[in-house]
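Participant: Using the working numbering, the first residue of the sequence shown is number 836, and each one after it goes up by one.
Glycine residues also receive a C-beta, built at the ideal position from the N, C-alpha and C atoms.
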Amino acid sequence: MSERYAFIGLGHLGGNLAASLIRNGFAVTVFDRDPAAVERLVALGATAASSPAEAAARAGNAITCLPSPKVSEAVLAGPGGLLEGLPTGGTWIEMSTNGRDEIVRLAALASAKGVETLECPVTGGVHLAAVGKITALVGGDAALYARHRTAIEAMCAKSFLMGPIGSAAVIKVITNMLAFIHLVAAGEALMLARQGGLDLAQSYHAIVASSGNSFVHETESQLVLNGSYDIGFTMDLALKDLGFALGMGRDFGVPLDLASRVNAIFEQGKQEYGGAAWSTQIIKLLEDAVGTDLRAPGFPAKLET
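1. Let me know the secondary structure DSSP gives ASN1098 once reduced to three states.
2. Using 8 angstroms as the cut-off, can you tell me whether the stretch 1108-1125 makes contact with the stretch 1082-1091, which would need three or more C-beta pairs spanning the two stretches below that distance?
3. Please report the Cβ distance between GLY915 and ALA888, rounded to the nearest whole angstrom; I am assuming they are in contact, meaning their Cβ atoms lie under 8 angstroms.
4. Taking the alpha-carbon positions, what's the ARG839 to ALA862 distance?
5. From THR1069 to GLY1032, what does the alpha carbon distance come to, in whole angstroms?
6. Could you check the C-alpha separation between LEU953 and ILE1117 for me, to the nearest Å?
7. Considering only DSSP beta bridges, list what THR952 is partnered with.
8. Once the 5 residues before and after ASP1128 are set aside, which same chain residues still bring their CB inside 6 angstroms of it?
9. Name the residue from ALA1041, GLU937, SER931 whose alpha carbon lies nearest to the alpha carbon of THR958.
10. Fully enclosed by the stretch 847-924, which alpha helix (DSSP H) runs are 4 residues long or longer?
11. Quick check on the burial criterion: 16 or more other C-beta atoms within 10 angstroms. Buried or exposed for ARG1029?
12. Assuming LEU1060 and PHE1134 make a contact with CB atoms under 8 angstroms, what is their CB distance in whole Å?
13. Quick one: give me the first and last residue of the alpha helix (DSSP H) that ARG935 is part of.
14. Quickly, what does DSSP pair ALA1073 with across the bridge? List them, please.
15. Following the continuous alpha helix (DSSP H) through TYR980, name the residue where it begins and the one where it ends.
16. Assign GLY934 to buried or exposed, taking buried as 16 or more other Cβ atoms, counted over all protein chains shown, within 10 Å of its Cβ.
17. Can you tell which of SER1056, LEU1018, SER1046 has its C-alpha closest to the C-alpha of LEU1035?
18. Keeping to the same chain, check which residues put their C-beta closer than 8 angstroms to that of SER837; ignore five residues upstream and five downstream.
19. Looking only at DSSP bridge pairs, what is GLY1078 linked to?
20. Thinking GLU937 and PRO902 are a contact (beta carbons under 8 angstroms), I'd like their distance in whole angstroms, please.
So this is what it looks like as structure tokens:
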């Protein structure tokens, strides 16, 4: 492969994305604060670095998948960060979820050092990232996208160039806002079925085949019915993304009544179960309020591809 990549941030999502690059023959240098995460990727064929700067200097291009804009800025521009290692003309591919203003500002920091930026958040869930079937939402220069498209498509089954930097942040936040709304709605639907005396497994499949179906119901409802809730995505991350959506609503003059209500529900979920609880446990609020659970046999503890 002509392109080499540093990959910084090997959590639930990033670890799977980096593994897809390695699986497709790319030379990948990795860094993460968690040594176990680094070891998992080294076992697959990655090279370990002692800092983001070292990883970037070795590879010439860098990919990040991090939990917040604050962390992204530290990894990009802080001591030992990517901008200390990336060469002039190198590329930073940011796969974290950011607000539009954040990614525009961070891209400007990179540009001042001669580094080009592609924003490339992904959507579809960790289970799809594990097998290279997740979707990439891209913002940036079309020629830069073309240059790195082979690597992006090694990680993602589909990619959509949405426009200039900042465009992908907007659509990514929109898709996540919809997902959380759908999740709360799916929980209410299943609880109505449960309290209405219906078989929950049969109700799940009937909804899948109905006009009320959603991607979130097809996937995350299974984890609720199993009782594991293990989606690999936390309440804190959900609230971060809903916060971005509400901020965009204010900026763009769009009343977001549903998103505002769902944000309040997630605030309650965090208060009850903690920010590190899986986002799918938002439905446990309803289970606790009604005094019954939503369980049915035959559903997986983790999503299957």
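Facilitator: Looking at the coordinates:
1. Three-state result, ASN1098: helix.
2. Not touching, per the Cβ criterion.
3. 5 angstroms
4. If you take the alpha carbons of ARG839 and ALA862, they lie about 5 angstroms apart.
5. Just so you know, the alpha carbons of THR1069 and GLY1032 end up roughly 31 angstroms apart.
6. 33 angstroms
7. TRP927
8. If we look at ASP1128 and ignore the five residues flanking it on each side, its Cβ neighbours are GLU1122.
9. SER931
10. 847-858, 870-879, 887-894, 904-912
11. buried
12. 4 angstroms
13. 935-947
14. When beta bridges are read from the DSSP output, ALA1073 appears opposite no residue.
15. 977-990
16. buried
17. A check of alpha carbon separations from LEU1035 across SER1056, LEU1018, SER1046 identifies SER1056 as the nearest.
18. Note that SER837 has pLDDT 47, beneath the 50 cutoff, so the model's placement of it is unreliable and the number below is only indicative. Cβ within range, chain order: n/a, list empty.
19. For GLY1078, which the question treats as bridged, DSSP gives no partner whatsoever.
20. Actually they are not in contact, since the Cβ atoms of GLU937 and PRO902 sit about 13 angstroms apart, beyond 8 angstroms.
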